[in-house]
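Below: the structure, in structure tokens.
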Amino acid sequence: MAALTLIVGSHNYSSWSLRPWLLMRHLGLEFEVRQLQLDTPAFDAEIARVSPTRRVPVLVHGDLVVWESLAICEYASELAGGRGLPADARLRALARAAAAEMHSGFGALRAACPMNARATGRRVPMTPPLARDLARIDALWSGCRRDQGELGPWLFGEFSIADAMYAPVALRVRTYGLPLSSLAARYLDTMLGDPHLAEWLDAARRETQVIPHEEAGAGA
Ligand SMILES: N[C@@H](CCC(=O)N[C@@H](CS)C(=O)NCC(=O)O)C(=O)O
Numbered sequence: 248m249a250a251l252t253l254i255v256g257s258h259n260y261s262s263w264s265l266r267p268w269l270l271m272r273h274l275g276l277e278f279e280v281r282q283l284q285l286d287t288p289a290f291d292a293e294i295a296r297v298s299p300t301r302r303v304p305v306l307v308h309g310d311l312v313v314w315e316s317l318a319i320c321e322y323a324s325e326l327a328g329g330r331g332l333p334a335d336a337r338l339r340a341l342a343r344a345a346a347a348e349m350h351s352g353f354g355a356l357r358a359a360c361p362m363n364a365r366a367t368g369r370r371v372p373m374t375p376p377l378a379r380d381l382a383r384i385d386a387l388w389s390g391c392r393r394d395q396g397e398l399g400p401w402l403f404g405e406f407s408i409a410d411a412m413y414a415p416v417a418l419r420v421r422t423y424g425l426p427l428s429s430l431a432a433r434y435l436d437t438m439l440g441d442p443h444l445a446e447w448l449d450a451a452r453r454e455t456q457v458i459p460h461e462e463a464g465a466g467a
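First residue of the sequence shown: 248, per the numbering used here; consecutive thereafter.
Given below as structure tokens:
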């Protein structure tokens with residue numbers, strides 16, 4: 248198999264990079280990571296050479312270049328023989344719906360609470376749009392726990408693309424102290440206890456880069 252290279256942004260800030268990276272780690276795929284720190288001259292100089300959208304993440308597999316985090320996750324799942332999605336067709340449809348909902352939605356959460364993996368103790372105002380996004384996330388997480396809890400600790404039992412998509416949301420809940428129901432908080436604990444996520448967090452803590460416009464809720 249040709250070498251797989253995942254090009255990612257800053258560990259601390261690049262939520263879209265975290266998603267396929269975490270899935271690929273869970274799938275046990277061998278891959279190299281190339282990092283382009285966001286918001287730097289090096290990023291601007293390099294990104295157009297590797298990404299048609301000038302964004303990360305990008306997966307390079309031989310002469311194949313896959314952009315868009317969700318497409319990378321789907322391709323990684325295929326490389327792993329379909330792991331990363333539930334074997335059951337109905338659950339697979341629901342996992343894909345949950346993943347797509349994250350990929351295309353939750354604009355208020357993403358705008359108010361940028362991923363800042365290493366930060367804790369941040370606070371932002373709870374506006375109605377943010378509360379609506381959070382309520383929907385809570386309903387999804389707790390519904391999955393209720394319906395699939397006996398299959399395993401993740402949203403659809405085993406770790407899937409859906410979990411990869413919500414990993415940055417879990418980090419946002421932690422950073423900004425967002426409130427969750429007890430059932431949804433159980434899923435949060437599973438995610439925050441994940442050893443692969445801990446590896447990404449360690450890398451984020453070692454980074455010294457600070458992007459001021461991504462630093463929300465400090466001193467609030
Ligand atoms: N829809 C894209 C979003 C990718 C994206 O916005 N990536 C950000 C980093 S998290 C980026 O590359 N930003 C650099 C820029 O816009 O200059 C995906 O799912 O991969």
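Yeah, the Cβ is synthetic: ideal placement off N, Cα and C, and Gly gets one too.
Legend entry - Residues surrounding ligand 1 [beta-carbon distance to nearest heavy atom under 5 Å]: Gly256, Ser261, Trp263, Arg302, Val303, Glu315 and Ser316
Inset, instruction - Could I get the ranges of all uninterrupted alpha helix (DSSP H) runs contained in the stretch 334 to 388, with 4 residues as the minimum, in chain order? - result: 336 to 351 and 354 to 359
Inset, instruction - Alpha carbon to alpha carbon, how far is Asp380 from Pro400? Give it in angstroms, no decimals. - result: 23 Å
Inset, instruction - Let me know if Thr455 comes out buried or exposed under the rule of 16 or more other beta-carbons within 10 Å of its beta-carbon. - result: exposed
Legend entry - Through-space distance from Arg302 to Leu439, alpha-carbon basis: Spanning the alpha carbons of Leu439 and Arg302 requires a straight line of approximately 26 Å.
Inset, instruction - Tell me whether the beta-carbon of Pro304 lies closer than 9 Å to the beta-carbon of Gly256. - result: yes
Legend entry - Distance, Glu405 Cα to Arg392 Cα: 12 Å
Legend entry - Residues bridged to His273 (per DSSP): None; His273 has no bridge partner.
Legend entry - Assigned secondary structure, Gly396 (DSSP; H/G/I helix, E/B strand, else coil): helix
Legend entry - beta strand (DSSP E) segment containing Leu311, residue limits: Leu311 to Trp314
Inset, instruction - Starting from Leu435, trace the beta strand (DSSP E) both ways and give me its first and last residue. - result: Under the DSSP assignment, Leu435 falls outside any beta strand (DSSP E), being part of the alpha helix (DSSP H) whose first and last residues are Ser429 to Leu439.
Legend entry - Beta-carbon proximity list for Thr374, same chain, < 8 Å, skipping 5 on both sides: Ala355 and Ala359
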